[in-house]
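Undergrad: In the numbering used here, each residue's number is its place in the sequence shown (first place is 1) plus 366.
Quick one: structure below, then a few questions.
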Amino acid sequence: MKQYLDLCKRIVNEGQWVNNARTNKKCLTVINADLVYDVGNNQFPLVTTRKSFWKSAIAEILGYLRGYQNAADFRALGTKTWDANANENQTWLNNPNRKGHDDMGLIYGALGRAFPKPTGGHVDLLQQIVDDLSQGIDNRGEILTFYHPGAFELGCLRPCMYEHHFSLLGDTLYLNSTQRSCDVPLGLNFNMVQVYVLLALMAQITGHKPGKAYHKIVNAHIYEDQLAPMRDVQLTREPFDPPKLIINPEIKSLKDIETWVTLDDFSVEGYQHHDAIQYPFAV
Ligand SMILES: Nc1nc(=O)c2c([nH]1)NC[C@@H]1CN(c3ccc(C(=O)N[C@@H](CCC(=O)O)C(=O)O)cc3)CN21
Ligand SMILES: O=c1ccn([C@H]2C[C@H](O)[C@@H](COP(=O)(O)O)O2)c(=O)[nH]1
Numbered sequence: 367m368k369q370y371l372d373l374c375k376r377i378v379n380e381g382q383w384v385n386n387a388r389t390n391k392k393c394l395t396v397i398n399a400d401l402v403y404d405v406g407n408n409q410f411p412l413v414t415t416r417k418s419f420w421k422s423a424i425a426e427i428l429g430y431l432r433g434y435q436n437a438a439d440f441r442a443l444g445t446k447t448w449d450a451n452a453n454e455n456q457t458w459l460n461n462p463n464r465k466g467h468d469d470m471g472l473i474y475g476a477l478g479r480a481f482p483k484p485t486g487g488h489v490d491l492l493q494q495i496v497d498d499l500s501q502g503i504d505n506r507g508e509i510l511t512f513y514h515p516g517a518f519e520l521g522c523l524r525p526c527m528y529e530h531h532f533s534l535l536g537d538t539l540y541l542n543s544t545q546r547s548c549d550v551p552l553g554l555n556f557n558m559v560q561v562y563v564l565l566a567l568m569a570q571i572t573g574h575k576p577g578k579a580y581h582k583i584v585n586a587h588i589y590e591d592q593l594a595p596m597r598d599v600q601l602t603r604e605p606f607d608p609p610k611l612i613i614n615p616e617i618k619s620l621k622d623i624e625t626w627v628t629l630d631d632f633s634v635e636g637y638q639h640h641d642a643i644q645y646p647f648a649v
């Protein structure tokens with residue numbers, strides 16, 4: 367929580383205004399932030415200075431792991447967070463590659479679970495990583511990437527958290543996640559949860575202890591219409607102690623994640639938080 371608040375304060379105090387053409391809004395921006403989550407010691411990085419809808423964040427990461435590319439599938443899992451990008455962005459609505467209502471196109475897991483090979487065919491990057499890690503193999507390239515510049519025109523948004531690199535040291539699993547662009551009031555609130563859950567789940571299904579997750583953010587910003595609630599409300603509040611995340615120990619394989627896991631398999635213990643803040647969302 368402290369590292370999140372420090373980043374928010376840094377943007378407010380030192381950020382520079384940058385015009386964003388895609389959203390037609392100005393963003394107060396800093397470059398580079400490195401956050402670390404101690405998954406092994408269950409230091410769940412949940413924001414306490416406002417109510418966090420953490421289940422929605424977990425639904426997003428489950429959808430990515432399943433390779434979903436339709437906002438209706440995300441809604442069925444328990445989050446509406448992709449509705450606007452799928453259905454309200456004029457550039458995407460005008461894109462001939464959009465396959466109709468709720469289509470998000472070739473993004474995130476849809477790419478990572480079927481990454482096109484230059485020689486034809488696809489690779490399921492996630493399945494390969496799970497297979498390697500389950501056998502205790504770390505080939506120093508256990509990288510789940512969602513980044514394919516040739517596919518940008520086929521999706522509603524380029525992936526923000528675009529790469530997750532897993533590493534084994536002995537029986538402990540580590541994760542380095544990289545994010546190119548970060549909406550700190552809204553997106554990061556979710557992304558911290560997702561990096562944490564991704565390492566916790568991958569350790570659980572591959573039979574390892576979770577270690578630390580390292581989250582690198584390149585462009586960290588606050589949109590112009592989010593600045594006042596962040597500076598004048600959220601940053602005036604004192605954080606509470608972090609809660610604990612509990613994951614159903616019956617989740618034992620990637621198949622389990624693909625077939626029966628729901629948000630009921632996750633719970634949070636001891637979550638004390640301040641009131642909700644509704645931040646504006648830039649489509
Ligand atoms: N501008 C922007 N910021 C983002 O963070 C973002 C995008 N676009 N587009 C793609 C995804 C969608 N994400 C979203 C979308 C909506 C919320 C949101 O509205 N959150 C509210 C309530 C969530 C709920 O009730 O489920 C919040 O208060 O956190 C969060 C992340 C993250 N990503
Ligand atoms: O997981 C996510 C997904 C998206 N975001 C934010 C970061 C930006 O504010 C927008 C994406 O806009 P681009 O013009 O494609 O950079 O969404 C996030 O923080 N986390």
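No residue lacks a Cβ here, since even glycine has one placed at the ideal position from N, Cα and C.
Going by beta carbon distance, what residues of the same chain come within less than 6 Å of ASP449, once the five residues before and after it are set aside?
TA: Here the question's residue 449 lines up with position 83 in the sequence shown. Excluding residues within five positions, the ones whose Cβ falls inside 6 Å are ALA437.
Undergrad: Output the distance between the C-alpha atoms of GLN382 and TYR589, rounded to the nearest integer angstrom.
TA: On the sequence shown, position 16 is the one that residue 382 refers to. On the sequence shown, position 223 is the one that residue 589 refers to. Looking at the two C-alpha atoms, the distance is approximately 11 Å.
Undergrad: Shortest alpha-carbon distance to LEU401 belongs to which of HIS581, THR538, HIS514 and GLY573?
TA: For the purposes of this step, residue 401 is taken as the residue at position 35 of the sequence shown. Of the candidates HIS581, THR538, HIS514 and GLY573, the one whose C-alpha sits nearest the C-alpha of LEU401 is HIS581.
Undergrad: Which parts of the segment 514-590 are runs of the beta strand (DSSP E), unbroken and 3 residues or longer, counting only runs that do not cross its ends?
TA: Counting whole runs of 3 or more residues, the segment 514-590 contains the beta strand (DSSP E) stretches 527-535, 538-549 and 575-589.
Undergrad: Nearest to MET568 by alpha carbon, out of ASP404, PRO595, VAL584 and PHE532?
TA: Numbered from 1 along the sequence shown, position 202 holds the residue referred to as residue 568. Closest by alpha carbon: PHE532.
Undergrad: Please list the terminal residues of the continuous alpha helix (DSSP H) segment that includes ASP498.
TA: The residue you call residue 498 lines up with position 132 of the sequence shown. Per DSSP, ASP498 belongs to the alpha helix (DSSP H) from 491-500.
Undergrad: Measure the C-alpha to C-alpha separation of LEU491 and PRO525 and round it to an integer number of angstroms.
TA: Numbered from its first residue, the sequence shown carries residue 491 at position 125. Numbered from its first residue, the sequence shown carries residue 525 at position 159. Cα to Cα, LEU491 sits roughly 16 Å from PRO525.
Undergrad: So what does DSSP say about ASN436, is it helix, strand or coil?
TA: If you number the sequence shown from 1, residue 436 lands on position 70. Of the three classes helix, strand and coil, the one that applies to ASN436 here is strand, per DSSP.
Undergrad: When the Cα of ARG441 is compared with those of ASN451, ARG432, ALA425 and PRO482, which residue comes out closest?
TA: Looking up residue 441 in the sequence shown gives position 75. The residue with the shortest Cα to Cα distance from ARG441 is ALA425.
Undergrad: In angstroms, rounded to a whole number, what distance separates the CA positions of ASN451 and TRP458?
TA: Along the sequence shown, read from residue 1 onward, the residue named residue 451 stands at position 85. Along the sequence shown, read from residue 1 onward, the residue named residue 458 stands at position 92. Their Cα atoms are separated by approximately 8 Å.
Undergrad: For GLY433, I'd like the list of residues in its chain whose CB is within less than 6 Å of its CB, leaving aside the five on either flank, ordered along the chain.
TA: On the sequence shown, residue 433 is found 67 positions in, with the first residue counted as 1. Taken in chain order, the residues that qualify are GLY475, ALA476 and ARG479.
Undergrad: Looking only at C-alpha atoms, which of LEU428, TYR370 and LEU373 sits nearest to TRP626?
TA: As a working mapping, residue 626 is identified with position 260 in the sequence shown. Closest option to TRP626, Cα to Cα, is LEU428.
Undergrad: Any idea what DSSP makes of TRP383, helix, strand or coil?
TA: As a first step, residue 383 is located in the sequence shown; it is residue number 17 there, counting from the start. Looking at TRP383 - three-state DSSP - the assignment turns out to be strand.
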